[in-house]
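In the numbering used here, the protein residues as written are 26 to 237.
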């Protein structure tokens with residue numbers, strides 16, 4: 026709530042115990058109700074904060090509803106401050122949200138998916154427990170140079186997953202995090218080059234859809 030934010034602002038020390046200045050972000054709330062979102066966003070902007078988070082999304086609403094709320098809220102937030110979408114998400118969600126003005130994300134999905142043997146690649150998702158990967162000599166993603174892709178085959182990683190070996194989840198986590206980092210790097214390069222629409226058109230179909 027706004028009252029809670031005001032208490033946080035009042036309690037925030039000028040510097041942390043390590044001597045660094047802390048950056049307090051306000052969180053825009055309001056569910057999928059535009060009136061509440063607008064009220065929350067405008068009150069936060071009045072506080073002239075270092076950054077603004079958008080919360081309360083990716084919690085059961087449809088992707089269309091999430092996109093509609095993001096498209097409604099982000100124009101109300103200052104362009105010269107980070108706009109941070111909390112708890113999102115799948116690669117296609119990130120691509121869509123960046124197009125709507127979001128700058129920052131956090132999500133457990135890369136590592137949580139790895140624990141369930143789900144892999145994100147430049148050609149779509151892989152479910153490593155599927156038998157189709159049992160004898161595959163390919164890396165997880167031929168376009169990826171991460172430690173997992175450089176040193177292990179799909180077949181061997183599937184064996185690790187089926188055997189319940191911790192190394193399997195570790196390798197998939199390394200790969201998924203590398204994939205997300207690389208995807209966002211490509212997004213930044215596309216923005217700088219004025220080619221984000223082309224980037225989105227190319228990558229959305231590649232990262233969406235069911236796992237094989």
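Ideal placement from N, C-alpha and C gives every residue a C-beta, glycine not left out.
- Runs of the beta strand (DSSP E) lying entirely within the segment 87-161, each at least 3 residues long, are 108-111, 129-131, 143-146 and 149-152 in chain order.
- Using a C-beta cut-off of 8 Å, the segment 92-101 makes contact with the segment 120-129, since at least three inter-stretch Cβ pairs fall below that distance.
- Taking every protein chain shown into account, the CB of residue 133 has fewer than 16 other CB atoms within 10 angstroms, so this residue is exposed.
- The beta carbon of residue 102 lies closer than 6 Å to those of 77 and 108 in the same chain, with the five residues before and after it left out.
- Contact check for residue 157 and residue 237: beta-carbon distance about 7 Å, within the 8 Å limit, so the pair qualifies.
- Distance from the CA of residue 119 to the CA of residue 54, rounded to the nearest whole angstrom, comes to 19 Å.
- For residue 27, the three-state secondary structure derived from DSSP is helix.
- Note on geometry: alpha-carbon atoms of residue 110 and residue 43 lie some 27 Å from one another.
- Counting of Cβ neighbours within 10 angstroms places residue 188 among the exposed residues, the total staying below 16.
- Residue 180: member of the alpha helix (DSSP H) spanning 179-188, first to last residue.
- Looking at the backbone, the Cα of residue 172 and that of residue 199 are separated by about 7 Å.
- The continuous beta strand (DSSP E) containing residue 53 extends over residues 50-53.
- Residue 186 places its beta carbon 9 Å or farther from that of residue 209.
- Between residue 90 and residue 57 the beta-carbon gap is near 5 Å, inside 8 Å, which marks them as a contact.
- Residue 62 and residue 28 have their C-alpha atoms some 16 Å from each other.
- By alpha-carbon distance to residue 137, the top candidate from 66, 193 and 176 is 193.
- Distance between residue 162 and residue 207, taken at the CA atoms: about 23 Å.
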